[in-house]
Structure formats: structure tokens, C-alpha cells
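Visitor: Sharing a structure below in C-alpha cells format, with a few things to ask.
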Amino acid sequence: MKIILPIFILILAGNAVFAQTTKAGEIRIIILKDEGGFGVDKGFEISLEKGDLATFHGGQNFYGRKGNYRGAFDEKQFLELARLIIKNNFFALKNRYEGNTMDVGTRTITVGYGGKQKSVVNWGASRQKEFAAIEKAVKELEAKIKWRAEANQTSALKENAASQFFTGKLAGRMIEMRLQFNGDAATGEYRYYGGKGALQLKGKRQSDKKLTLEEFDQSNKKTGAFDCDIEYNAQEADTTLSCGWQNPRGGEPITVFLNQQHIEFTNNLQIATKIISEKKLGIDAAYPQITGGASAAIAKFNARIAALTLKGIRDYKRDYEPTPDKSVYELDYKILLATNDFISVEFSESAFAGGAYPNAAYHTVNFDLRGAGRELSLSELFKPKSNFQAAIAKSSLASINKAMKNNEAEDLPADMVSSVEKWAITRRGIVVYYDFPHVIFALSRVFVPFAALEEKLNPNGAAMSLRKN
181 MKIILPIFIL
191 ILAGNAVFAQ
201 TTKAGEIRII
211 ILKDEGGFGV
221 DKGFEISLEK
231 GDLATFHGGQ
241 NFYGRKGNYR
251 GAFDEKQFLE
261 LARLIIKNNF
271 FALKNRYEGN
281 TMDVGTRTIT
291 VGYGGKQKSV
301 VNWGASRQKE
311 FAAIEKAVKE
321 LEAKIKWRAE
331 ANQTSALKEN
341 AASQFFTGKL
351 AGRMIEMRLQ
361 FNGDAATGEY
371 RYYGGKGALQ
381 LKGKRQSDKK
391 LTLEEFDQSN
401 KKTGAFDCDI
411 EYNAQEADTT
421 LSCGWQNPRG
431 GEPITVFLNQ
441 QHIEFTNNLQ
451 IATKIISEKK
461 LGIDAAYPQI
471 TGGASAAIAK
481 FNARIAALTL
491 KGIRDYKRDY
501 EPTPDKSVYE
511 LDYKILLATN
521 DFISVEFSES
531 AFAGGAYPNA
541 AYHTVNFDLR
551 GAGRELSLSE
561 LFKPKSNFQA
571 AIAKSSLASI
581 NKAMKNNEAE
591 DLPADMVSSV
601 EKWAITRRGI
611 VVYYDFPHVI
621 FALSRVFVPF
631 AALEEKLNPN
641 GAAMSLRKN
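Under our numbering, think of the first position of the sequence shown as 181, with each following residue one higher.
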């Protein structure tokens, strides 16, 4: 007890000091989320970012709306809400409070500040007065916002929009899938890369978390079925479909993971996947090329992507030696952003030529498609002399250490995230990639929201342009 008591007192003192020293101006984002409960159809999420950006997603009609919405508000209103959060000692609250009302959805308030964040969960409608006061204030501000509907009718899958593009592997073969929704009804197609024709898809979104699809060949014969879990990353606005594919003749389902490709072209441009496959050497590489246009910018982008892909294969072949365990080189891509002006591509590379573990790495290409075309530099997203690297490092370290704590591991040394060499851009923030060893490689990809970098963003840069549009 002599050891435990001082530690406990120190934690309490630290919380008190932290609550007193955090300032309203440091708060960057405030999120209220309802996960739903018994008797509640679907939850909702209200996100308010400093700088006037508001987003709403929900499956309920509690607010007179259902689906995805964007809106704007006065920054003074945000500051008033931030002051209320400080006044109610939010940062000194426990992480979870519990009540005994089972038919009320679990509510969570998350506040982002100075590259960090704190979440407080209210389960079962506990009567925690500070939480209730903040929740009420968020709803009051939400009611004053003029919302406009987005194409998305769920957080994950768009309705009445251009086909959404997913890529993945089925039974070791790369596939691409395009889906479109009308209400909960789903239609689309998928094809194997290098295959002769597309298989038609029909199905239904059973909920925000479940999708079922049946596939048919050109003679309308059923050839298989997908049973998919919809996994939505709200922070990055990204969807993954984790599916089991079932052969109509029976047998065990085959696992399929499909990654969303964020393609927003409105000028007839498209993304075509190119494949390089050399089975004897274990090479299986996929890379994107822009089609539907002949500008100098497109030619430069396509050449840059092809060169990066071929370099990886050459490096693998140079070091290749036959091993008892088959050597493998795999390269896959994900389009994090593709607009008429900008495109950002993330490559996942894995190479195994013997040893305990494969070598894994990320590569990125960020390209300005305007004019003659050129690669973007990270620095041009930010104001000159803004010390943006430190802001990125601070946000990254907070995210990584949170994950480390969840796995009961020690915090990461700050010098491991001191600089960024590889990066990508999305609608909501940037993704940075660190050169971590194998044991923590899973933490080397970190999303940093624009809200954590807002004061340093170049008002004329690509990041600010994406936030406004």
C-alpha cells in the first residue's frame, strides 16, 4: 500500500492540473456519437471541427434527417462550446460512466486537442451531469446548423451515386468490384484482372454493417454469393468489406477482403488496374493507370507509377534466391484520393525470400493533375516556417501511444516520429508512414486529421482546397 497510494495520488493530481491548464483555444474537434441501443434503429454521429466544418451521419430520424450531411457554423459558436467543455472539467472526467437504462444508446463524446484526444463513454444513460451538459450544448449547436445532404446515405456505402470501386483478392486472384445502391438494393459487377468478362451482382444492404450479394454469369446462372461485414473507419471515411464467398456447389466459404478506392473523377477519367505476374518467381503486382485522357499530366503520372512498380520488381529479382519456402513479391495499391485536380496512391509492398518474416513497406505517390502535372511535396500543404513536422509528430505519437497502451506496451520514443518522408492525402487529413521494425510495423501507418493541423495549413494549398470542396 505504501507504493500504490502515492501513484494513485499522482494520477489524480495530474488530471486536476491537466483539466486546469487545457485551454478552449486548443480544442480542434468535438464529436458526439450514439451507437444505438435496444429499441433504437441506428445510431448517429455529429462531428464539429474548428474552422466551421460540421458533418452528420445517422440512420435515425431523431433530428429530422437521415443519412450524411455537411454544414457550417460560426467559429465563435465552436469556441463557446469549447469553453463549456473546459468549464465542465471534461478532461478530468472518467473514461466511462454507467447507468441502468438498457433501451438508450451508448453515447460517446470525443474531444481532440493539441494533437491528442479524450473520449468519455456514457452507457445506460448514467446521470453524469457534466457529460449531460456538454451533450446538450452539442445538440443545441447542431440544431442551428444549416445542413446539406451528401450523396452518402450511410457512412459506408453511397446511394444514387457513381459506382463505388473496391479491389481485393478471391482465391489468390485479384478482383475489382463496382457497386451502386438504390435504397438498400445493391447492384454491380466484379471481374478478375485479366479475365474475359464481368459477373453481375445483385443483393441487399441488410444494415449499416452487413451486405449480401449474389453473382450471376452472362447466362444469368448463379455462380456464387458474398456475405460481407461492412467495416467503416469514420476518421478516414473509408470502407472495407470483409466477406465470405460461397460456391453454390458447397464447400467452405473463401475469405475475401475488399478495399475501397476513393475515386471522384467527374471529367471522364477512370482508373485501370495493370497486372505484372511471374508465377515462377512469385511475383504478383498490381498498379493503377489513369485512362480516358491524354494530357501531359496524366502521362507523367502513369509513367511515375509504372516506374515505381518496376523498380520494386527489379530490386526483388536482384536479391532473389530459390529458398525451401517459396519466395514471394506482392504489390497492391489503394487510391486514397482521386479528383480532377489531385490523386494520391498508397502502395503496400511485401517481399519474402527466406527468413523469419517478410519485408513490408509502404510507398506513395501524390500528384497534381493540373497543367503540366507534377508530384506534390508535403511542405507545400503548409504555411512557410510553420514547423508542421512537429505538429504531425505530436499527433502521430499520440495515436501510436494510444494503440500501444491498448496492447499494454510501452510508449514509443518521440524521436521515432520526428520526421516524415512518406505521406499521402485524403479528404479528411494526411496519412504518414514511418520506418518501424517488424514487431511494430502495424503501427507505421498513421492518419492525422486536418483538424490537428488546421492553423498550419497553407490557405492556397491542396489540403485547404480539399477541405473547402
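A virtual CB, placed ideally from N, CA and C, is assigned to each residue, including glycine.
Check for me: the alpha helix (DSSP H) holding ASP495 runs from which residue to which?
Guide: Counted from its first residue, the sequence shown places residue 495 at position 315. It spans 476-499 - the alpha helix (DSSP H) in which ASP495 sits, taken as one unbroken run.
Visitor: Looking only at its chain, what residues have a beta carbon closer than 6 angstroms to the beta carbon of THR286, apart from the 5 residues adjacent to it on each side?
Guide: Along the sequence shown, one-based indexing puts residue 286 at 106. The answer, listed in chain order, is GLU215, TRP303.
Visitor: Note down the Cα distance separating LEU592 from LYS574, rounded to an integer number of angstroms.
Guide: Mapped onto the sequence shown, residue 592 falls at position 412. Mapped onto the sequence shown, residue 574 falls at position 394. So the two alpha carbons sit approximately 12 angstroms from each other.
Visitor: Considering just the uninterrupted stretch of the alpha helix (DSSP H) at PHE258, what are its terminal residues?
Guide: Counted from its first residue, the sequence shown places residue 258 at position 78. Where PHE258 is concerned, the enclosing alpha helix (DSSP H) stretches over 255-267.
Visitor: Using a threshold of 8 angstroms, state whether the C-beta atoms of ALA578 and ARG208 are closer than that.
Guide: In the sequence shown, the residue the question calls residue 578 occupies position 398. In the sequence shown, the residue the question calls residue 208 occupies position 28. It is not a contact, given that the beta carbons lie outside the stated cut-off.
Visitor: Contact check, LEU516 vs ALA643 under 8 angstroms by CB: the rounded distance?
Guide: Translated into the one-based positions of the sequence shown, residue 516 becomes position 336. Translated into the one-based positions of the sequence shown, residue 643 becomes position 463. No, LEU516 and ALA643 are not in contact; Cβ-Cβ is about 13 angstroms, not under 8 angstroms.
Visitor: Where does GLU320 fall in DSSP's three states?
Guide: Numbered from 1 along the sequence shown, position 140 holds the residue referred to as residue 320. It is helical.
Visitor: Whose CA, out of GLY375, LEU228, ARG353, GLU501, lies closest to the CA of LEU438?
Guide: Position 258 of the sequence shown, counted from the first residue, corresponds to residue 438. That would be ARG353, whose Cα lies nearest to the Cα of LEU438.
Visitor: Assign GLN398 to one of three DSSP states: helix, strand, or coil.
Guide: Locating residue 398 in the sequence shown gives position 218, counting from the first residue. The answer is coil: DSSP assigns GLN398 none of H, G, I, E or B.
Visitor: Starting from the Cα of LEU259, find the closest Cα among LEU228, ALA272, HIS237, PRO428 and give me that residue.
Guide: By one-based count along the sequence shown, residue 259 stands at place 79. Ranked by Cα distance from LEU259, the first of LEU228, ALA272, HIS237, PRO428 is LEU228.
Visitor: What residues match up with LEU391 in a beta bridge as DSSP calls it?
Guide: To locate residue 391, count along the sequence shown from 1; it is residue 211. LEU391 is bridged to ARG385, CYS408.
Visitor: Rounded to whole angstroms, what is the Cα-Cα separation between LYS514 and TYR373?
Guide: For the purposes of this step, residue 514 is taken as the residue at position 334 of the sequence shown. For the purposes of this step, residue 373 is taken as the residue at position 193 of the sequence shown. Between LYS514 and TYR373, the C-alpha separation is close to 16 angstroms.
Visitor: How would you label ARG385, buried or exposed, when you count the other beta carbons within 10 angstroms and need 16 or more for buried?
Guide: Residue numbering aside, residue 385 sits at position 205 when the sequence shown is read from its first letter. It is buried - the Cβ of ARG385 has at least 16 other Cβ atoms within 10 Å.
Visitor: Measuring only the C-alpha atoms, how far is ASP388 from PHE406?
Guide: Along the sequence shown, one-based indexing puts residue 388 at 208. Along the sequence shown, one-based indexing puts residue 406 at 226. Computed Cα separation, rounded: 16 angstroms.
Visitor: Taking the alpha-carbon positions, what's the ALA533 to LEU488 distance?
Guide: The count along the sequence shown starts at 1 and reaches residue 533 at position 353. The count along the sequence shown starts at 1 and reaches residue 488 at position 308. Their Cα atoms are separated by approximately 20 angstroms.
Visitor: Using only the alpha-carbon positions, how far apart do PHE346 and ILE314 sit?
Guide: Locating residue 346 in the sequence shown gives position 166, counting from the first residue. Locating residue 314 in the sequence shown gives position 134, counting from the first residue. C-alpha separation (whole angstroms): 39 angstroms.
Visitor: Can you name, in chain order, every residue of its own chain whose Cβ lies under 8 angstroms from the Cβ of ILE605, other than the five neighbours on each side?
Guide: Position 425 of the sequence shown, counting from 1, holds the residue named residue 605. Around ILE605: LEU516, LEU517, PHE522, SER524, ASN546, LEU556, LEU561, VAL611, ALA642, ALA643, LEU646.
Visitor: Taking a contact to mean a Cβ-Cβ separation below 8 angstroms, would you say ALA486 touches THR471 in this structure?
Guide: Start at 1 with the first residue of the sequence shown, and residue 486 comes out as number 306. Start at 1 with the first residue of the sequence shown, and residue 471 comes out as number 291. Result no, Cβ atoms of ALA486 and THR471 do not sit closer than 8 angstroms.
Visitor: Name the DSSP beta bridge partners of ARG250, please?
Guide: Residue numbering aside, residue 250 sits at position 70 when the sequence shown is read from its first letter. Paired residues: THR235, ARG328.
Visitor: May I have the straight-line CA-CA distance separating PRO629 from ALA477, to the nearest angstrom?
Guide: Start at 1 with the first residue of the sequence shown, and residue 629 comes out as number 449. Start at 1 with the first residue of the sequence shown, and residue 477 comes out as number 297. When rounded, the separation of the alpha-carbon atoms in PRO629 and ALA477 is 28 angstroms.
Visitor: Indicate the three-state DSSP secondary structure (helix, strand or coil) for LEU646 in the structure shown.
Guide: As a first step, residue 646 is located in the sequence shown; it is residue number 466 there, counting from the start. Three-state result, LEU646: helix.
Visitor: Could you have a look at ASN125 and say whether DSSP puts it in helix, strand or coil?
Guide: In the structure as shown, the chain starts at 181 and stops at 649, and residue 125 therefore has no counterpart that could be examined.
Visitor: Where are the alpha helix (DSSP H) runs, 4 residues long or more, that stay fully inside the segment 528-590, in chain order?
Guide: 568-586
Visitor: Which two residues bound the contiguous beta strand (DSSP E) that contains PRO629?
Guide: The residue labelled residue 629 in the question sits at position 449 within the sequence shown. Run containing PRO629: 625-629, per the beta strand (DSSP E) assignment.
Visitor: Does the beta-carbon distance from ILE289 to LEU212 come in below 8 angstroms?
Guide: Indexing the sequence shown from 1 puts residue 289 at position 109. Indexing the sequence shown from 1 puts residue 212 at position 32. Contact flag set, yes.
Visitor: Decide if ASP464 is buried, meaning its Cβ has at least 16 other Cβ atoms within 10 Å, or exposed.
Guide: Within the sequence shown, residue 464 is the residue found at index 284, counting from 1. So ASP464 counts as buried.
Visitor: Taking only three categories from DSSP, how would you classify GLU635?
Guide: Along the sequence shown, read from residue 1 onward, the residue named residue 635 stands at position 455. Here GLU635 sits in helix by DSSP.
Visitor: Helix, strand or coil: which one does DSSP assign to ALA378?
Guide: Numbered from 1 along the sequence shown, position 198 holds the residue referred to as residue 378. If DSSP states are grouped into helix, strand and coil, ALA378 belongs with coil.
Visitor: Looking at ALA317: is its Cβ nearer than 8 angstroms to the Cβ of LEU261?
Guide: For the purposes of this step, residue 317 is taken as the residue at position 137 of the sequence shown. For the purposes of this step, residue 261 is taken as the residue at position 81 of the sequence shown. Closer than 8 angstroms, so yes.
Visitor: Can you look up LYS213 in the DSSP assignment and give me helix, strand or coil?
Guide: Residue mapping note: residue 213 aligns to position 33 of the sequence shown, counting from 1. The answer is strand: DSSP assigns LYS213 an E or B state.
Visitor: For VAL619, count neighbouring Cβ atoms within 10 angstroms of its own Cβ and tell me buried if that reaches 16, exposed if not.
Guide: The sequence position of residue 619 within the sequence shown is 439, counting from 1. So VAL619 counts as exposed.
Visitor: Of all the options ARG550, LEU637, ARG484, which has the alpha carbon lying nearest to the alpha carbon of SER559?
Guide: Here the question's residue 559 lines up with position 379 in the sequence shown. Its Cα nearest to that of SER559, the residue LEU637 stands out among ARG550, LEU637, ARG484.
Visitor: Determine the closest residue to VAL291 out of TYR537, GLU206, GLN398, LYS309, with distance taken between C-alpha atoms.
Guide: On the sequence shown, position 111 is the one that residue 291 refers to. When each option's Cα is compared against that of VAL291, the closest is GLU206.
Visitor: I'd like the list of long-range same chain contacts for LEU633, defined as Cβ closer than 6 angstroms, with 5 residues on each side in sequence excluded.
Guide: Here residue 633 is taken as the residue at index 453 of the sequence shown, counted from 1. Excluding sequence neighbours, LEU633 sits near ALA571.
Visitor: Could you check what DSSP says for TYR437 in three-state terms: helix, strand or coil?
Guide: Along the sequence shown, one-based indexing puts residue 437 at 257. Here residue 437 turns out to be Phe, not Tyr, going by the sequence shown. Reduced to three states, the DSSP call for PHE437 is strand.
Visitor: Sorted by chain position, which residues of the same chain lie with C-beta nearer than 8 angstroms to GLN257's C-beta, five sequence neighbours on each side aside?
Guide: One-based indexing of the sequence shown puts residue 257 at position 77. These residues qualify, in order along the chain: LEU321, LYS324.
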